[in-house]
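One structure is given here, and the rest of the page talks about it.
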Amino acid sequence: MNPSSSLPYPASARTASHTQADDEPPHGDLVTVTRVFNSLEAEMLRGCLEAEGIPATLGDAQTIQTDTLLTVALGGIRVMVPFSFADAARQTVDAFERGELAIDELPADSEPAVPEAETATTTGWRMSPAAWVVLAIVVVAVVIF
């Protein structure tokens, strides 16, 4: 008896073992366009590539976030794109590294940030008598033991 025949799903439905990860990448083989040693930089670079319409993925990002000592051993985080987007991705990476994609100022319609209120600074340490007693006990305990 076939156990799947009793299920309410149609026979043509995907099984649990056939997921989207098993499918081929939509645009061909992935190529590494650059490697970076900082997770934040890798995510920013991936975001810049996707903003340009280039599908990008990060290789070894989770491994390096889990154990940062492996960063050098793995050669950093691989920024990978489909082969058909490789040249455009390299141009975007070069622009990112030159700082051309940096945001230097606020948009014209935004309001400037409100400065934080200045706090009055005291010129010396002020401790309560109880705090002095606790400090003295700690110092004596450290010296004795």
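In terms of my numbering, the sequence shown opens at residue 12 and continues consecutively. Cβ atoms here follow ideal geometry from the backbone N, Cα and C, with glycine treated the same way.
{"Query": "Opening and closing residue of the alpha helix (DSSP H) in which glycine 58 lies", "Result": "50–62"}
{"Query": "Three CB pairs or more closer than 8 Å across the stretch 106–119 and the stretch 74–83", "Result": "no"}
{"Query": "Distance CB(phenylalanine 96)-CB(isoleucine 65) smaller than 8 Å", "Result": "yes"}
{"Query": "Neighbourhood of alanine 53 by C-beta distance below 7 Å, restricted to the same chain and skipping five residues each side", "Result": "Val47, Leu69, Ala72, Ile88 and Val90"}
{"Query": "Bounding residues of the beta strand (DSSP E) (the contiguous stretch that carries threonine 43)", "Result": "41–47"}
{"Query": "Rounded separation between aspartate 40 and asparagine 49 - CA only", "Result": "25 Å"}
{"Query": "Anticipated Cβ contact below 8 Å, alanine 62 with valine 92, distance rounded", "Result": "That belief does not hold up - the Cβ atoms of alanine 62 and valine 92 are roughly 13 Å apart, past 8 Å."}
{"Query": "Rounded straight-line distance, which links the Cα of methionine 138 to that of valine 154", "Result": "22 Å"}
{"Query": "Isoleucine 88, DSSP secondary structure in three states", "Result": "strand"}
{"Query": "Burial state of valine 44, where buried means 16 or more other Cβ atoms lie within 10 Å", "Result": "buried"}
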